[in-house]
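The structure appears below as structure tokens.
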Amino acid sequence: MEDLAQTAIEAALKTGAHFADVRIENTATTIIELNDGVSKQSLSSRLKGAGIRAFIDGAWAFAQTTDLTKSGMRTTGESVAKMAIATKEKVAEKFEIEGPSFQARSHYKVKKPFSKIAIEEKMAFVKAIDDQARDYDTRISSTRTIYGDLWTELYLANSLGTNVYTQNSIPRIISAPTAKEGTNRQRVFKSLGVRGGYEIMDEEEAQNIGTAAAELVIDLLSSTSVKGGVYNVVMDPILNGVMIHEAFGHAVEADNWPAHATVLEDKIGMQVGPENLSISDDPTLEGMRGSYEYDWEGTKTKKRLLVKEGILTDLLHSLETASRLDLEPNGASRSQSFMHEPLPRMSNTFMEPGDWEVEELVQDTKKGILLCSFNYGYTQTAKGQFMFQASHGYLIENGEKGQMVRDVSLAGNILEVLAKVDAIGNDFMLDAGTCGKNGQAVPTMTGGPHARIREVPVGGM
Amino acid sequence: MVDSLLTIGEKAVKLAEKLGADQAEVYLAQSRSFEIEAENNAIKGASESKDAGIGIRTIIDKKIGFAYVTTLDDSDIEEAVNHSLSLARASIPDPDFHTLPESLSNYQNAKGLFDKEIHDMTAEVTAELIIRAIDATKQVLDGYNYAIEAGVQSSSSMNAIVNSLGIAKTEPRTSISIYSYPIIKADDDQTASYEYQISRKFNEIDPEWVGRSAGRLAIGFLHPKIIEGGEMPVVFAPLGASAVLSRGFADAVNAEEVQMGRSYIADAFGEKIASEKLEIVDDGLLPGGIGTRSFDAEGFPSQRTSVIENGILKSLLHNSYTANKDRVDNTGNASRPSYSGLPGISTTNFMVSPGKGDLNTFISELDTGVVCRNTGDRPNMTTGDLSAMIIEGYYVKNGEVQHPLKNTLIGINMRDLLKRISHVGNDSRATFSMITPSIVVERANVTSG
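Here it is, written out as structure tokens:
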């Protein structure tokens, strides 16, 4: 692979590019989905190809190829360089791509590689989880169980001298049952996603996920819709993570700076939240779905302390953003696959724990709402507007957890909401997620402690 | 290219049958797309992607396997066929699976799918389009502090479907889309908006309209305010109506979701589920439509399906599996994400039939209410509950827009939303997922704070 990458880089430089890089990927995935005990999807895939970029004077060009021969790489290297040169006349701002180079062979060791587990064994596991959810209660009307694994080998090289081989291994198990009682129907989605091999599926949380999902969906049968209004909200670790991800994380992706597309543009080194608030993005955590040693540009990653005691201190960088803002790259550039250009992205993003006991947090809130888990969320960083939806929650009356509610949406503004965080728990948990940006999905984790936001609008039926 | 895709497909189907498949189906796709992006008012980069791959579905004793690979190399295809078969063997049989679709004679040729101008588009022409859109936005934003993002994407693709029952179909398609996304910074506020167009024809693209419209919209969203909530009418502009109906209703009439009991529309076939004003048609043969194709993702002929007529649910959307399971006619709505997945179900051109009036008329007739230009939300498909943030919208009083909105949510159950549609306009437009005019929902819960 090293030879192929060098061929493309040399071809691009010779054609006139100032910088070029290559990602060569070989990925194998398996997806097994059962619906009501029957195979719905038994899928395997192989992604093999290279993504090549060329750069000159502020102009980028990108192309992908599945022709992994020397001549194929040379042709693509040349054509991508020509495309960059043609674009260069029309760019407004000239700059160069600079940065450190990395050389590494990073092997990711797992106890049980996915390729060593027979498809029958994976199928039997999915069947057991599907049965588990159905057998929990007669009101479970439909079950859906999805297992997925992904093994990636990635080779990254660039004209600065970077030359990195890296691997990744991420399994996932999802249980999504539906329950029915009369005309009342509810559904949930519970997932476990971490980094590792098939051994993760032997752990208790994976082995019992069908029961956990079924228990929650049966509980939801007695939930009610929430009345819309302004509430004091206590978020559980999962929802807190989603809030941090949507309401803050996207806005510190550094490609927003040259594009002037974030409301945080003028806030570096300034107060963006209360003094007890710290937010981090850390791809170096062991065994987490959003973790990796080197990013998709070959930069070694490190923990990013984005907000320290309320002050915006760091951003998520690619080689380009670090070059343009004259900062060190911190390994946040990721692609969905070789078919996509790398972009500054989050990894494992979380609020750092505070000092409140979780029970105290609820008691102290008196009247409000405790929101748990999530359905989805999105944001528009240029405007600062975001929203996310909790899958369920509980009304807090007189400092006690009461009636269960479902599908609670919360809307807000990035610059306003962090200032409203007034109490942070001392617990901590991360949950699996998948983040979308510009049509690219990458595995992430989000989380933190329980935390409270004062007076935010909550949507109701 | 045509011959080679079909030939590769036929070879793969034969190999699968030889290795033990009762039935096999191969989906191949080959595409070239070209994209130019601009940020901060100038072009930033270009990308070209050439993609080709193959997906193989095999069936053994009602057990189904699927594998795909991102190349068309013989050895990779052979590996994928083998993977597909071993997955089929290890699967749990599906008693409701009957058969892959058979080859029929009633294919109608869809019109307006391929435009040579898009197929042959050069970098220069693409760059010119994006510059024209940016210039148009700039003109409107003269005097403001702004940064415009913009993009143009064109694509030319060919797909082929071959199966054991004689289906061997292939069709070329082109498409082009353009957007402008201006960000405006004022002293104490920052906002953004966007406009776009998508078409299968180059000469339908109007970069000046896109640019001007995006600029005007962005100015209109400066200095948003919250309002006092409560029950009030909501006017959905076409983009908002498309967001709510495509995400919120199209999936509810997806036969697979209904069969699994996951849709809020259950057992409502033939019943009145919506206002009499609402008529929805799914037309896979609309000339030049973004969802148009002569055959669906299993090679079954496209058709025009009436979904809602006078408020009555007339049909669900089916692929071969759900139609066989319910013993009804296949509506030709099989869809898949290119070669990389099994066929699911989706709309083709999902269209709300036009009525009377447009966005401006509806605003002028409003006493008090809100306008939702767009939302990114979707309902809980099982309960139908929708809680949607008005990501772009206005507050209306006495028939006039008062100010844009912030932190404002609409809450309504989809079943109520469908029944409370009091007006359907005639200002239809194509979005990425639908063709719809503005609609008015006579009351919903609005929360703001």
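Taken in sequence, the protein lines are chains A and B. For reference, each letter of the first sequence is one residue, going 1 to 461 in my numbering. For reference, each letter of the second sequence is one residue, going 462 to 910 in my numbering. The C-beta atom is built at its ideal place from N, Cα and C for all residues, glycine as well.
Would DSSP call residue i helix, strand or coil?
| i | result |
| --- | --- |
| V417/A | helix |
| Q600/B | helix |
| G709/B | helix |
| M462/B | Bear in mind that the predicted position of M462/B carries a pLDDT of just 46, short of 50, making it unreliable; the figure below should be weighed with that in mind. If DSSP states are grouped into helix, strand and coil, M462/B belongs with coil. |
| Y782/B | helix |
| E589/B | helix |
| T444/A | strand |
| H245/A | helix |
| K94/A | coil |
| M143/A | Residue identity differs from the one stated: residue 143/A is Thr in this sequence, not Met. Looking at T143/A - three-state DSSP - the assignment turns out to be coil, as it is neither helix nor strand. |
| N606/B | strand |
| S545/B | helix |
| R134/A | helix |
| D219/A | helix |
| E732/B | coil |
| L847/B | strand |
| W670/B | helix |
| L683/B | coil |
| D431/A | strand |
| K48/A | strand |
| H580/B | helix |
Exposed or buried, residue i, counting other C-beta atoms within 10 Å across all chains shown (16 or more means buried)?
| i | result |
| --- | --- |
| N232/A | buried |
| D326/A | exposed |
| R144/A | buried |
| H107/A | exposed |
| K858/B | exposed |
| I9/A | buried |
| H250/A | buried |
| G354/A | buried |
| S465/B | exposed |
| A92/A | exposed |
| G402/A | exposed |
Note down the Cα distance separating residue i from residue j, rounded to an integer number of angstroms.
| i | j | result |
| --- | --- | --- |
| P342/A | A441/A | 11 Å |
| L778/B | V768/B | 8 Å |
| G72/A | N158/A | 18 Å |
| T304/A | P274/A | In the sequence on display, residue 304/A carries Arg and not Thr. Whole-angstrom Cα-Cα distance: 19 Å. |
| I52/A | T532/B | 17 Å |
| T908/B | S101/A | 52 Å |
| D757/B | D512/B | 20 Å |
| F386/A | N256/A | 16 Å |
| A608/B | I579/B | 28 Å |
| G476/A | D877/B | Summary: the structure shown does not reach residue 476/A, with chain A confined to residues 1 through 461, and so no result is reported for it. |
| G837/B | D281/A | 26 Å |
| K786/B | M619/B | 31 Å |
| D219/A | R74/A | 60 Å |
| I818/B | T897/B | One detail in the question is off: residue 818/B reads as Gly in this sequence, not Ile. About 13 Å. |
| H18/A | V164/A | 20 Å |
| K733/B | D557/B | 29 Å |
| E33/A | A528/B | 14 Å |
| H884/B | I852/B | 22 Å |
Taking 7 Å as the cut-off, is the C-beta of residue i nearer than that to any heavy atom in the ligand MG?
| i | result |
| --- | --- |
| I637/B | Among the components modelled here there is no ligand, and therefore nothing to report on the ligand MG. |
Less than 8 Å separating the beta-carbons of residue i and residue j?
| i | j | result |
| --- | --- | --- |
| Y640/B | E656/B | yes |
| V487/B | I515/B | yes |
| P59/A | T87/A | Here residue 59/A is Ala; the residue named in the question, Pro, does not match the sequence. Yes, these two residues count as a Cβ contact at 8 Å. |
| Q186/A | T844/B | yes |
| V813/B | A702/B | yes |
| S117/A | I173/A | What sits at residue 117/A in the sequence shown is Ile, not Ser. Not a contact, by the Cβ cut-off of 8 Å. |
| G612/B | E509/B | no |
| S616/B | S494/B | yes |
| I85/A | I56/A | yes |
| I659/B | A653/B | no |
| K308/A | E199/A | no |
Exercise. If we count Cβ pairs, one from each stretch, closer than 8 Å, do we get three or more for the segment 347-363 of chain A versus the segment 207-216 of chain A?
Worked result: Cβ pair count under 8 Å is below three, so no.
Exercise. Three or more beta-carbon pairs under 8 Å between the segment 816-836 of chain B and the segment 792-803 of chain B, yes or no?
Worked result: Contact annotation: the segment 816-836 of chain B does not touch the segment 792-803 of chain B, with fewer than three C-beta pairs closer than 8 Å.
Exercise. Is it a yes or a no for the segment 701-708 of chain B touching the segment 394-414 of chain A, going by three-plus beta-carbon pairs under 8 Å?
Worked result: Contact fails: fewer than three Cβ-Cβ distances are below 8 Å.
For this session: Decide yes or no for the touch test of the segment 128-141 of chain A against the segment 170-184 of chain A: beta carbon pairs closer than 8 Å, at least 3 of them.
Result: Yes, since at least three Cβ pairs between the segment 128-141 of chain A and the segment 170-184 of chain A fall closer than 8 Å, the two stretches touch.
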